[in-house]
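Undergrad: Dumping the structure here so I can ask a few things about it.
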Amino acid sequence: MTNEERELPAGAEPLENEKYELFCHEYLKDLNYARAGREVGIKNRQNVTPIFTRDDVQQRIAYLSSERIERTKIDADYVLRRLVEIDQMDVLDIMDDNYSFRPIGEWPLIWRQYVSNIENLEEFEGFGEDREQIGWIKKIKWPDKIKNLELLGKHVSVGAFKDKLEVDVNVDLMSELIDEISSEE
17 MTNEERELPA
27 GAEPLENEKY
37 ELFCHEYLKD
47 LNYARAGREV
57 GIKNRQNVTP
67 IFTRDDVQQR
77 IAYLSSERIE
87 RTKIDADYVL
97 RRLVEIDQMD
107 VLDIMDDNYS
117 FRPIGEWPLI
127 WRQYVSNIEN
137 LEEFEGFGED
147 REQIGWIKKI
157 KWPDKIKNLE
167 LLGKHVSVGA
177 FKDKLEVDVN
187 VDLMSELIDE
197 ISSEE
């Protein structure tokens with residue numbers, strides 16, 4: 017079988033309509049179809065919906081999205097792993113036995129990646145050349161553990177805060193019950 021004979025997956029080929037193709041790429045930037053529509057020149061959101069719901073557009077978006085996941089290696093599992101890493105961060109990993117912060121070079125990688133701000137302030141007593149350093153104030157801003165836990169709970173595969181109730185109904189059994197009730201009347 018040659019390359020030409022192989023069937024490409026749905027959405028693999030660029031759309032013939034250039035506006036629709038551009039729309040797909042714009043949509044993937046922030047998953048906002050109204051904004052994507054404006055970017056391709058469609059001002060009214062109601063005019064964007066028919067484009068967004070087209071099968072070929074949905075297939076193209078799905079294909080481009082899967083390509084991006086493959087390229088970046090960032091998917092739901094990756095996000096879940098990173099959220100778990102944040103959840104397991106222990107402040108003692110960056111402190112010594114005197115509860116002073118260790119030098120940043122000694123911190124575990126996870127702490128170096130997630131700390132969003134570090135402030136070092138020196139405290140002095142006196143003025144000019146007569147002043148003497150009397151202390152340090154060190155402030156570190158690390159991830160909000162409560163927010164992280166909320167994100168973990170909302171994650172697709174965890175579903176801790178799932179709002180939907182899934183019900184599996186046996187249609188045959190339901191049909192029999194309806195027939196039985198109908199025959200009793």
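Numbers in the working numbering are just positions in the sequence shown, counted from 1, shifted up by 16. Here a beta-carbon is modelled for each residue, glycine too, at the ideal position from N, C-alpha and C. Quantities reported herein were computed from a predicted structural model and do not represent experimental measurements.
#1: Look at the alpha carbon of D3 and the alpha carbon of R54, and state the distance between them as a whole number of angstroms.
#2: Under 7 Å, do C40 and I67 count as touching if we go by C-beta distance?
#3: With a Cβ-Cβ cutoff of 7 Å, do N164 and L99 count as a contact?
#4: Using the Cβ count rule (16 or more neighbours within 10 Å means buried), how would you classify Y115?
#5: Verify whether the separation of the beta carbon atoms of N136 and K157 is less than 7 Å.
#6: Quick check on N136: does DSSP put it in helix, strand or coil?
#7: With a 10 Å radius around its C-beta and 16 neighbouring C-beta atoms as the bar for buried, classify Y49 as buried or exposed.
#8: In the structure shown, what three-state DSSP assignment does E23 receive?
#9: Going by the CB atoms, is the gap between I134 and E101 shorter than 7 Å?
#10: With DSSP run on the structure shown, which of helix, strand or coil describes F143?
#11: Please work out which residues of its chain come closer than 6 Å, Cβ to Cβ, to L79, disregarding the five sequence neighbours upstream and downstream, and give them in chain order.
#12: How would you label A52, buried or exposed, when you count the other beta carbons within 10 angstroms and need 16 or more for buried?
#13: So if DSSP puts W152 in a beta bridge, which residue, or which two residues, is it bridged to?
#14: Could you tell me whether any non-hydrogen atom of the ligand SAH is closer than 6 Å to the CB of D146?
#15: What residue range is occupied by the uninterrupted alpha helix (DSSP H) comprising W123?
#16: Relative to the C-alpha of L31, which residue among E23, R70, S191 is closest?
#17: Could you tell me how far apart the beta carbons of E139 and W152 are, in whole angstroms, since I believe they sit closer than 8 Å?
#18: Look at the alpha carbon of D113 and the alpha carbon of D46, and state the distance between them as a whole number of angstroms.
#19: With 16 other CB atoms within 10 Å as the buried threshold, where does N107 fall?
TA: Walking through what the data contain:
#1: Summary: the structure shown does not reach residue 3, with the chain confined to residues 17 through 201, and so no result is reported for it.
#2: no
#3: yes
#4: exposed
#5: no
#6: strand
#7: buried
#8: coil
#9: no
#10: coil
#11: Per the sequence shown, residue 79 should be read as Tyr rather than Leu. Same-chain partners within the cutoff: G27, A28.
#12: buried
#13: E138
#14: Absence of the ligand SAH is noted for the structure shown, with no ligands found whatsoever.
#15: Here W123 belongs to no alpha helix (DSSP H), and DSSP marks it neither H nor E.
#16: R70
#17: 7 Å
#18: 45 Å
#19: The identity of residue 107 in the sequence shown is Val, whereas the question assumes Asn. Answer is exposed; the Cβ neighbour count stays below 16.
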